[in-house]
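Protein chains in written order, with this note's numbering: chain A, 1 to 112; chain B, 113 to 226.
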């Protein structure tokens, strides 16, 4: 079955710097890659997603890139702010699998 | 309006008891899920229902029994609770019948078994 690995498990960056979180997936048939942000004590919420027919997608300070050949995708956050501190989860799915598989999460801390 | 609402928010109970968590979504979605998040924050799918039919049962002990009376509701009943069941349980929903669409999570139920 699908396996999603996520790195790093923790990440600390200076406010204003960029943060990058990387994920790899095992099933080449996966075609949907969402990213979720979970603030402390809250529910996970979708922040951006990308489908396999697109190589990159951007939404203000957040961007996601996908390399289908290498089976990896990354989340990029630029000009980080204190409110970006949270746990971020990557995930992968394919229509026939009936489920979304999550990575193990990255705890991002923004240093003032 | 809360799109995916689950109750209770907190549940503290003793080993061996039976408890239920309720979930309702008002988004008109066809698919609902239960996820378990342990102390290390891993999000693991437990069950998935599509239009009241069970689609996924991820080798969850049969002490856990989901029930979907209609496509807007997915409840979780747990028998004979064990210490290892302590976790945050999230209900979620997604549109359509495909699984490459965003999940909308409820606010979670923190279950503590003592």
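Note that the Cβ used here is the ideal one computed from N, Cα and C, for glycine as well. Here the structure is a predicted model, which is why all the values come from computation and not from measurement.
Best match in the options for proximity to residue i [C-alpha to C-alpha]
i	options	result
residue 28(A)	102(A), 2(A), 108(A) and 11(A)	2(A)
residue 140(B)	191(B), 119(B), 162(B) and 220(B)	162(B)
residue 179(B)	165(B), 225(B) and 117(B)	165(B)
residue 55(A)	6(A), 45(A) and 32(A)	32(A)
residue 193(B)	115(B), 125(B), 117(B) and 119(B)	125(B)
residue 93(A)	34(A), 79(A), 106(A) and 85(A)	34(A)
residue 85(A)	41(A), 26(A) and 6(A)	41(A)
residue 69(A)	52(A), 37(A) and 22(A)	52(A)
residue 115(B)	200(B), 127(B), 136(B) and 121(B)	136(B)
residue 98(A)	117(B), 127(B) and 170(B)	170(B)
residue 200(B)	154(B), 185(B), 148(B) and 152(B)	148(B)
residue 172(B)	146(B), 184(B) and 152(B)	146(B)
residue 57(B)	176(B), 154(B), 184(B) and 150(B)	Within the shown structure, residues of chain B are numbered from 113 to 226, placing residue 57(B) beyond reach of any answer.
residue 226(B)	138(B), 127(B) and 184(B)	127(B)
Limits of the unbroken beta strand (DSSP E) element including residue i
i	result
residue 56(A)	56-59
residue 20(A)	19-25
residue 222(B)	221-225
residue 129(A)	Residue coverage of chain A in this structure runs from 1 to 112, which leaves residue 129(A) outside it and unanswerable.
residue 75(A)	72-77
residue 111(A)	106-111
residue 154(B)	No beta strand (DSSP E) contains residue 154(B), which DSSP labels as neither H nor E.
residue 12(A)	10-14
Own chain residues within Cβ distance below 7 Å of residue i, not counting five before or after
i	result
residue 102(A)	4, 89 and 91
residue 168(B)	157, 159 and 160
residue 7(A)	22
residue 30(A)	2, 92, 93 and 94
Beta-carbon spacing of residue i, residue j below 8 Å
i	j	result
residue 109(B)	residue 188(B)	Summary: the structure shown does not reach residue 109(B), with chain B confined to residues 113 through 226, and so no result is reported for it.
residue 48(A)	residue 62(A)	yes
residue 202(B)	residue 111(A)	no
residue 190(B)	residue 197(B)	yes
residue 45(A)	residue 37(A)	yes
residue 74(A)	residue 9(A)	no
Whole-Å CB distance - residue i paired with residue j, under 8 Å assumed
i	j	result
residue 223(B)	residue 123(B)	5 Å
residue 212(B)	residue 95(A)	5 Å
residue 24(A)	residue 72(A)	4 Å
residue 218(B)	residue 204(B)	7 Å
residue 81(A)	residue 15(A)	7 Å
residue 11(A)	residue 106(A)	6 Å
residue 121(B)	residue 87(A)	Not a contact, Cβ separation roughly 19 Å.
Own chain, CB closer than 6 Å to residue i, minus 5 neighbours either side, in chain order
i	result
residue 143(B)	162 and 206
Contacts around residue i, its chain only, beta-carbon distance under 8 Å, and the 5 residues preceding and following it disregarded
i	result
residue 13(A)	19, 80, 108, 109, 110 and 111
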